[in-house]
Ligand code: OGA
Ligand code: NI
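Residue numbers (this note's numbering): -13 to 305.
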């Protein structure tokens, strides 16, 4: 039987989840269906204050408007590669395409040193770098990070319930998570800028899932199973959440890590803020009991989150 494909990204209201136990299973089943069919959803009533999202975009504008020399002081090479500033065209997210026409600022969870026998990926342990002439920047970015991290933990509770497990199933696997917040700036396309560079090349995200805030410009597209690119237009007060490869693997490909890309708008610059959420470094990503059976045995060997992410980043970026 041909699999049904999709022509739009569904919207799910999280208000009933936050209202209490009664409607939680219903919300969880709705989320699960969309993660299986589409791998992308919008969420509303997600608990992150609109004013905080607005401030995060304001400081992103301030940051990317700094002179290039100021931004280069925070160059990502100074952090071991995964935190700090990435200049325009520093990445080819789709290695078969031209470099991305975007610049980025990455920061991560600040964690106490872990036990010496754990080898942690630099995405988890590298120091954050902050601009010293933008007073509000660090404060706003950290507040936003914490707020969206709390939503990420809620999403894991929703996923747990959706698989008939206790709401707390993932809690101890995400108390020291590999989590990266990225501010992105996509300059407009014009005659001057090369039009054959993607904003961000086609890819699936590597972590468990991503919580994305986008401004009002648009340009994000997801690929349906028929190979068509479907627009994911901005909807005020929502986040876009998309499943990444780790959660696809954990669910034996029941959840989909759907390919997506960004095409820069002509005549408009665009800002977006993805938050990439994995698990603790040492958490074993191993087929969940409810995701396999006689007809669908586990497809992937167990791997720790840290090893999986390190492997993927090495394939793409060489570090
Ligand atoms: C990403 C991504 C989408 C966007 O950074 O992985 O897909 O809208 N970003 O910026
Ligand atoms: Ni992505």
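Positions of the beta carbon are idealized from the N, C-alpha and C atoms, including for glycine.
Between residue i and residue j, what straight-line distance do the alpha-carbon atoms span, to the nearest angstrom?
i, j, result
"residue 272", "residue 166", "22 Å"
"residue 183", "residue 117", "29 Å"
"residue 103", "residue 1", "Residue confidence is low: residue 103 scores 47 on pLDDT, short of 50, so the model does not pin down where it sits. No coordinate-derived value is stated."
"residue 42", "residue 68", "20 Å"
"residue 151", "residue 26", "22 Å"
"residue 290", "residue 236", "11 Å"
"residue -12", "residue 63", "Residue placement at residue -12 is flagged as unreliable, the pLDDT there being 49, under the threshold of 50; a coordinate-derived value is accordingly withheld."
"residue 129", "residue 136", "11 Å"
"residue 23", "residue -8", "8 Å"
"residue 270", "residue 293", "10 Å"
"residue 163", "residue 46", "24 Å"
"residue 211", "residue 244", "9 Å"
"residue 74", "residue 5", "43 Å"
"residue 222", "residue 247", "20 Å"
"residue 19", "residue 200", "24 Å"
Between the Cα of residue i and the Cα atoms of the options, which residue gives the shortest distance?
i, options, result
"residue 141", "130, 131, 153", "153"
"residue 308", "292, 274, 296", "Because the chain here runs from -13 to 305, residue 308 falls outside it and cannot be looked at."
"residue 254", "210, 33, 202, 59", "202"
"residue 160", "139, 299, 149", "139"
"residue 125", "186, 44, 189", "44"
"residue 3", "30, 19, -4", "30"
"residue 175", "185, 71, 96", "185"
"residue 143", "7, 85, 204", "7"
Apply the 10 Å Cβ neighbour rule to residue i and answer buried if 16 or more other Cβ atoms are within range, or exposed otherwise.
i, result
"residue 232", "buried"
"residue 55", "exposed"
"residue 122", "exposed"
"residue 119", "exposed"
"residue 35", "exposed"
"residue 114", "buried"
"residue 82", "exposed"
"residue 57", "buried"
In this structure, what does DSSP give as the bridge partners for residue i?
i, result
"residue 189", "246"
"residue 89", "171"
Rounded C-beta distance between residue i and residue j? I'm assuming under 8 Å.
i, j, result
"residue 229", "residue 93", "About 23 Å; that fails the 8 Å criterion."
"residue 87", "residue 250", "6 Å"
"residue 284", "residue 238", "6 Å"
"residue 197", "residue 225", "5 Å"
Closer than 7 Å: is that where the CB of residue i sits relative to any heavy atom of ligand 3?
i, result
"residue 166", "Although ligand 3 was asked about, the structure shown includes only ligand 1 and ligand 2 as ligands."
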